[in-house]
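For the sequence shown, numbering that gives the first Met the number 0 begins at 0 and goes up steadily by one.
Beta carbons are placed, not taken as given, at the ideal position from N, Cα and C, and that holds for glycine.
So the structure is just underneath, and the comments pick up after that.
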Amino acid sequence: MFDTAEAYAAGQSEVEMGRAMKELGLRRTDLVITTKLFWGIRTGPNDGGLSRKHMFHRERPEKEYEPLYKKYGLGTTTFSSLAAGLLTGKYNDGIPEGSRFATVEMFQRVASRLQQEEGKEEIRKVRELTKIAAEELQTSPAALALAWVAKNPNTSTVILGASSAEQLKENLKALEVLPRLTPEIMEKIEAILNNKPSPPVNYGRPPLDPLGRSSVFRTGQY
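So this is what it looks like as structure tokens:
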């Protein structure tokens, strides 16, 4: 599986991947290739969008998409599950020199937000999650965050981003953490996050079955 994005190298990443496939004589049908469209190479009002999923961004994937999971059996392919590195714990004590928050222009706004109340609160939560990762799971906050996303029954795939083999190996430790996320650990995480989406409001309508059908119409009670 190969993952790219329209915005990588202003679109050149996708071009280079196609060139490499052609030169290596690879068949497109033998490969799984994904791409992301949130940040495009254009800036119009309709040229950005889609979604990501991490511990601080839950409303859309856990609540708004819920009917799609039930009705069509869909699952999410998540990206940025580490919140651009925030959930790795590397920013717990400030912005390290040479990090993306310090050097990449598109993350400058995120970096400045960490100085505001909302950002400070997120850092506080990451520090508490880091403590759980170290003391109760003997792992890194990154592995914990990735395992938490993967544990969601509606997560199909978690896209990993790594700049080195060591970082990739560290992220893959999430597979070891996943079966150790007991209900007790999950409750502690929820208590720290305190952002679980509320159940959708149905305004008195009857619940839908797994196929998205109303029980009223299914039984003929109308």
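Residue i: first and last residue of the uninterrupted beta strand (DSSP E) it sits in
i, result
"T156", "T154 to V157"
"T77", "T75 to T77"
Range of the contiguous alpha helix (DSSP H) that encloses residue i
i, result
"T102", "R99 to T102"
"T181", "Neither: T181 is in no alpha helix (DSSP H) and is coded neither H nor E."
"T129", "E116 to E135"
"Y68", "E65 to Y71"
"K150", "P140 to K150"
"P112", "The sequence as given places Arg at residue 112; Pro does not occur at that position. That run of the alpha helix (DSSP H) goes Q107 to R112."
"R57", "Segment: none, R57 is in no alpha helix (DSSP H) and carries neither H nor E."
"V200", "From DSSP, V200 is part of no alpha helix (DSSP H); its letter is neither H nor E."
"E22", "Q11 to L23"
Inter-residue Cα distance where the pair is residue i and residue j
i, j, result
"M105", "G10", "16 Å"
"A226", "E186", "Absent from the model: residue 226. The displayed extent of the chain is 0 to 221, so no value can be given."
"N193", "T75", "22 Å"
"L23", "L128", "44 Å"
"Y7", "T33", "13 Å"
"A4", "P140", "26 Å"
"M20", "R27", "8 Å"
"G48", "K62", "Caution is warranted here: a pLDDT of 49 is assigned to G48, below 50, making its placement in the model unreliable, and no coordinate value can be reported."
"H53", "L85", "10 Å"
"E15", "K195", "41 Å"
"E13", "D29", "17 Å"
"Y221", "K70", "Annotation note: pLDDT 47 at Y221 (below 50); position unreliable, no value reported."
"K73", "A164", "The residue asked about is misnamed: residue 73 is Leu in this sequence, not Lys. The alpha-carbon atoms of L73 and A164 are separated by roughly 31 Å."
"H56", "L167", "23 Å"
"R18", "I131", "45 Å"
"R108", "I184", "33 Å"
"T181", "E120", "25 Å"
"R99", "G118", "16 Å"
Neighbourhood of residue i by C-beta distance below 8 Å, restricted to the same chain and skipping five residues each side
i, result
"E101", "Note on identity: in this sequence residue 101 is Ala, with Glu being the wrong assignment. Taken in chain order, the residues that qualify are I94, P95 and A110."
"P44", "The pLDDT assigned to P44 is 49, lower than 50, so where the model puts this residue is not dependable; a value taken from the coordinates is nonetheless given after this. Closer than 8 Å at Cβ, skipping near neighbours: no residue."
"T87", "L81, S139, P140, A141 and A144"
Three-state class that DSSP yields for residue i in the structure shown
i, result
"T33", "strand"
"F1", "strand"
"I188", "helix"
"K89", "coil"
"E165", "helix"
"A83", "helix"
"N194", "coil"
"E96", "coil"
"A8", "helix"
"R27", "helix"
Close beta carbons around residue i, own chain, < 7 Å, minus the five adjacent residues each side
i, result
"V176", "L136, T138, A142, L143 and A146"
"S197", "none"
"P152", "none"
"R179", "L136"
"N91", "I122, V125, R126 and T129"
"K89", "P95 and S98"
Same chain, Cβ closer than 6 Å to residue i, neighbours up to 5 away in sequence not counted
i, result
"S1", "As written in the sequence, residue 1 is Phe, which differs from the Ser given in the question. The answer, listed in chain order, is I32."
"T156", "T76"
Whether or not the stretch 112-125 and the stretch 171-178 are in contact is what I'm after, with contact meaning three or more pairs of Cβ atoms, one per stretch, closer than 8 Å; do they touch? no
Looking at C-beta atoms only, is the number of pairs between the stretch 78-90 and the stretch 142-162 that lie closer than 8 Å three or more? yes
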